[in-house]
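To start, the structure under review is shown below, and the notes come after it.
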Amino acid sequence: MKNFFLILFLCFTYSSVTVAAPLDSILTIKGVVYVDDNKNGRFDPGEKRKKNVLITNGRKVVTTNKRGEYEINIKKGQIVSVILPDSYTYNESDKWWFNSKLLQVNGLNQDKVENINFGLVKEKAKKKIKVLAVGDIQVGNREEVNFAGRTIMSELALRNDYDFSIFLGDLVNDKPALFKSVQKMMGGLQKPVWAVYGNHDRNFEGEHEEQIDSYQKIFGPATYAFFKNGILFVALNSIYPVGKFGYEGIYDKSELEFLSGILSHISTNQLIVINQHIPLAWMKNKDDILRILEGQANVLFLSAHSHTVFQSFIERAASTKIHELNVGAASGHWWTGQRDWQGNPLALMQDGTPRGYFEIEFKNNRYQIKYKGVGLSEENQMSIWIGEDGEHIKRAGDSDNRQIIVNIFAGSEKTEVNMKIDDGKWMPLNKKNIPDPFISRIKSLQKEGLYPNKGSRRSPYLNRSSRHTWLGTIPETIKPGLHKIEVAAKDNLGLNASKITWFWVE
Ligand SMILES: [Zn+2]
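Letter by letter, the sequence shown follows residues -15 to 490 of the numbering used here.
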């Protein structure tokens, strides 16, 4: 941060300051993209200039010339950022963007700012990269900051087996004052962190267009992109303010223009990963973005906001399907529910998925996904419910009592699920979306006043189906006693998991 202000200071010293300009006036930003060989955060004589690098103001996309120079007009308050080219990263986290709002802090009025230079650091290309996609940590008070600190962030802080993480919005719960705490925890991670803007990251003190300022001051632009290992990663602002506190899932024109602007520079086969808070399926003008993406063969959407996990495969008339992965919430069901021995709430998501995040491994244009429940082993990919109470069946009972319900957290319409009882044959289970039985049990325990206990917060569950449950029936011929059951789930998106457990037959 220190260097950043030094650069600003230099800007003011050298740029031509002209007439006072009103707030919505146009500012011209000029600078150079260079390779920061000595990593001092400054463009030094002799350092290589980089041509053909994309620069954006969140709407327009321009390219650096042969001398590595760019020039872009912005409205005061907009942010200019560099779209990191393949095999390059930024030097320090605050060097890939320039927020013109910060100029006003110094009370200067000008219409041209020069020497907004972006330094790139060369990076080795890898065979594959692993990305952690984290949804809604959504902390609303100090206690919830502690929940996040002791669960998701504590787990991530020890990991270095990935390349970067992306937090898909709702970092806070309408509490911009907590951004600094979230940033501090992110700063404790060993790998770079990218952030996405969510509806609960707005600051309601400002007018519509100012609601985003507190977020952008800390985390940088809400609309940006970067290339990594041949993949284009794009972050979009999916929040469109309406009324005093309202919003809708709408892509503003500027978002669509930004995306089109980058697409004109890439091949139709390049994998694009679009990161946004609100699920694509819930966006009011999703057809607009699908039209822009029509020519692109490989598109993955990552989203959050639903506090559940689900996957959609969007049909396209003239191209391959678009895959959307809604990654769930690190806060689970908003940090509610029975607390464990460390004081952390269960917060099981409405769809029966434990609090967690996704790991996505990219290799060329292909990727594999894997769910990771916080604090759970990586083998833990499903829950199994048997009979009436989850663990036993009445042999003489009706067919309902012999039901088995399996919830595969990362399961989708592509997933095949089979079960085997004792040493019997493998039998297929059928996908049918129903309310998760563990959620139903928590609901009835809450109704009876047994859950949650004192000091824990009630989980306000609705009667909604999970989008990844599979059903089967234990054969009528099963003998009384204890039985082993094995469930295996597999698909071509990365799932290859099994679980073994035991249940009683009366
Ligand atoms: Zn949200």
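Don't be surprised by glycine CBs; every beta carbon is placed ideally from N, CA and C.
Item                                                                                                                                                                      : Value
Does the distance between the C-beta of residue 289 and the nearest non-hydrogen atom of ligand 1 fall short of 6 Å?                                                      : yes
Could you give the DSSP three-state label for residue 413: helix, strand or coil?                                                                                         : coil
Let me make sure I understand the geometry here. Which of 436, 165, 210, 290 has the alpha-carbon closest to that of residue 322?                                         : 436
Going by beta carbon distance, what residues of the same chain come within less than 6 Å of residue 255, once the five residues before and after it are set aside?        : 215, 282, 349
Alpha carbon to alpha carbon, how far is residue 87 from residue 55?                                                                                                      : 18 Å
Give the secondary structure of residue 105 by DSSP, where H, G and I count as helix, E and B as strand, and everything else as coil.                                     : strand
Go through its chain and collect everything with a Cβ distance to residue 333's Cβ below 8 Å, but skip five positions before and after it.                                : 291, 292, 293, 312, 313, 316, 317, 339
Which one of 104, 149, 140, 169 has the shortest CA to CA distance from residue 129?                                                                                      : 169
Using a threshold of 7 Å, state whether the C-beta atoms of residue 420 and residue 391 are closer than that.                                                             : yes
Have a look at residue 229 and residue 195 and give me their C-alpha separation to the nearest angstrom.                                                                  : 10 Å
Please tell me whether, using a cut-off of 6 Å, the distance from the CB of residue 183 to the nearest non-hydrogen atom of ligand 1 is below it.                         : yes
Report the residue ranges of all beta strand (DSSP E) runs contained in full by the stretch 266 to 341; include only those spanning at least 3 residues, in chain order.  : 283 to 287, 293 to 298, 306 to 311
Ligand 1 and residue 154: does the residue's C-beta get closer than 6 Å to at least one heavy atom of that ligand?                                                        : yes
Under the rule that 16 or more other beta-carbon atoms within 10 Å means buried, what is residue 257, buried or exposed?                                                  : buried
What does the Cβ neighbour count give for residue 326, buried or exposed, with the cut at 16 atoms within 10 Å?                                                           : exposed
What residues match up with residue 65 in a beta bridge as DSSP calls it?                                                                                                 : 40, 81
Pull up the distance between the alpha-carbon of residue 156 and that of residue 463, whole angstroms please.                                                             : 53 Å
State the Cα-Cα distance for the pair residue 534 and residue 10, rounded to the nearest angstrom.                                                                        : Here the chain covers residues -15 to 490 and nothing more, so residue 534 does not appear.
Who are the Cβ neighbours of residue 83 in its own chain at under 7 Å, not counting the five residues just before and after it?                                           : 63, 200, 201
Does residue 259 pass the burial test, meaning 16 or more other C-beta atoms within 10 Å, or should it be called exposed?                                                 : buried
Check for me: the beta strand (DSSP E) holding residue 350 runs from which residue to which?                                                                              : 350 to 357
When DSSP labels each residue in this structure, what does residue 60 get in the three-state scheme?                                                                      : coil
Please name the residue in 412, 456, 444 whose C-alpha comes closest to that of residue 418.                                                                              : 456
Under the DSSP definition of a beta bridge, which residues are partnered with residue 370?                                                                                : 375, 388
Assess contact between the stretch 12 to 22 and the stretch 30 to 38, defined as three or more Cβ pairs (one per stretch) separated by less than 8 Å. Is contact present? : yes
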